[in-house]
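In mature numbering (1 follows the signal peptide of the UniProt record, and there is no 0), the protein residues as written are -27 to -1, 1 to 90. Heads up, the beta-carbon is just placed ideally off N, CA and C, and yes, glycines get one too.
Okay, here's the thing in structure tokens:
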């Protein structure tokens, strides 16, 4: 029984998305002590925020020390930190997965990443 074109396309899209998460961008260095936060995962998240006024408080998982490497999986726009509203979802060198503000990552401006789905 042949698979439909839409089923094949859906499978291909799923593989591409999975590959994006398995092959994270190069590790970037944190330029300050930085809180990594739990705001949901990359496809089921609350708009990243450090405050609870919008009923979307993202609790701190831990504080990562300056110089920690961080692999970026994707980004979403959220609360602006010093004029930078991009938040990054990724994995720290110690294996901690979560969200942190792009402002604290040394990558020469906005860090290169795909939008989170």
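query                                                                                                                          : result
Outcome for residue 92 when other beta-carbon atoms lying within 10 angstroms are tallied against a minimum of 16              : Shown here, the chain extends from -27 to 90; a query on residue 92 therefore has no answer.
Close-in-space but distant-in-sequence residues of the same chain around residue 54 (CB under 7 angstroms, 5 per side omitted) : 74 and 76
Integer Cβ distance of residue 65 from residue 36, believed to fall under 8 angstroms                                          : About 11 angstroms; that fails the 8 angstroms criterion.
Endpoints, the beta strand (DSSP E) within which residue 47 is located                                                         : 42 to 54
In DSSP terms, what residue 76 is bridged to                                                                                   : None; residue 76 has no bridge partner.
Buried or exposed (CB count within 10 angstroms, at least 16 for buried), residue 59                                           : buried
Bridge partner(s) assigned by DSSP for residue 88                                                                              : 48
Simplified DSSP state of residue 57, which is helix, strand or coil                                                            : strand
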